[in-house]
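For the record, in the sequence shown the residue sitting at position 50 is 66 according to this note's numbering, with numbers rising by one throughout.
All C-beta atoms, glycine included, are put in the ideal place defined by N, C-alpha and C.
Just so you know, these numbers come straight off a predicted model, no measurement behind them.
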Amino acid sequence: MVDESGSEIFEFALVIPLLLTLLIGIIWIGHAFNVYETITRAAREGARYAVLPNPVISGNTVADPLSNSCSTNTNTYNNYIVPALEADHLDPSKVKNYCQKTGWLENTYPQQCGVSISFTYPVQLVIPFTSVNATTVDIPANAQMRLEDQPIGGTCP
């Protein structure tokens, strides 16, 4: 008879790195999906606010004018996107490539005028229980909504 003592430990030593790699991958995918859902919800909140009829006529100057803005210094960003990100403990200062555009929406029939908001957010993938950073992935967020008051005459502001 051949002595097989210790073979289980050897097999475990071969399998455990694969299991840990799989576990770390599941954690990374779960974290990235959580960030994706959060930033998509934040973009939707911003687009939902941006398409409302502009109440500036009644003296309210809170709404952004319908225009193209690729700056985070807009009321939509500061009042709706930032709180949505902070609610899930994401840092709004890490938002990159923020752009808020008013124009004809893609993939709509009949053609509709609306607002599209897009930006990216970096997700740092770390190895659990260490201070090692594996990589950083930029996750995109896009949202588009039609204007409540559709323009007449075939022009989109």
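**C-beta contact flag for P167 and C129 at 8 Å** = yes
**Counted within 10 angstroms of its Cβ, other Cβ atoms place E61 as buried (16 or more) or exposed** = buried
**Request:** Determine the direct distance from the alpha carbon of A157 to that of T179, and round the result to whole angstroms.
**Result:** Residue 179 lies beyond the range of the chain shown here (17 to 173); nothing can be said about it.
**Pick from D104, I133 and T124 that is closest to A113, judged by C-alpha positions** = Reading off the sequence, residue 113 comes out as Asn, not Ala. It is I133.
**Prompt:** Which one of I40, T146, N50 and L121 has the shortest CA to CA distance from H105?
**Reply:** If we check each option's Cα against that of H105, N50 comes out closest.
**Message:** Pairs of beta-carbons, one from the stretch 136-146 and one from the stretch 35-47, closer than 8 Å: are there three or more?
**Reply:** yes
**Request:** Measure from the alpha carbon of N84 to the alpha carbon of each residue in A100, L34, A63 and A103, then state which is nearest.
**Result:** Distance check between N84 and each of A100, L34, A63 and A103 places A63 closest, using alpha-carbon atoms only.
**Item:** Backbone CA spacing between F5 and V111 [nearest angstrom]
**Value:** Within the shown structure, residues of the chain are numbered from 17 to 173, placing residue 5 beyond reach of any answer.
**Message:** Let me check you understand the geometry: is the CB of A29 closer than 7 Å to at least one non-hydrogen atom of the ligand ADP?
**Reply:** With respect to the ligand ADP, the structure offers nothing, as it holds no ligand at all.
**Asked** Apart from the five residues on each side of it in sequence, which residues of its chain come closer than 6 Å, Cβ to Cβ, to T151?
**Response** Once the five neighbours on either side are set aside, the close Cβ partners of T151 are L141.
**Request:** Could you tell me the boundaries of the beta strand (DSSP E) in which T37 lies?
**Result:** First-last for T37: S23 to A66, but that is the alpha helix (DSSP H), not the beta strand (DSSP E).
**Item:** Alpha-carbon spacing of Y65 relative to Y96, whole angstroms
**Value:** 8 Å
**Request:** Go ahead and pull the three-state DSSP assignment for I155.
**Result:** strand
**Message:** With distance defined between alpha-carbon atoms, name the residue in T92, P33, S23 and A159 nearest to T56.
**Reply:** A159
**Request:** Name the one or two DSSP bridge partners that P138 has.
**Result:** Answer by DSSP bridge pairing, in chain order: D154.
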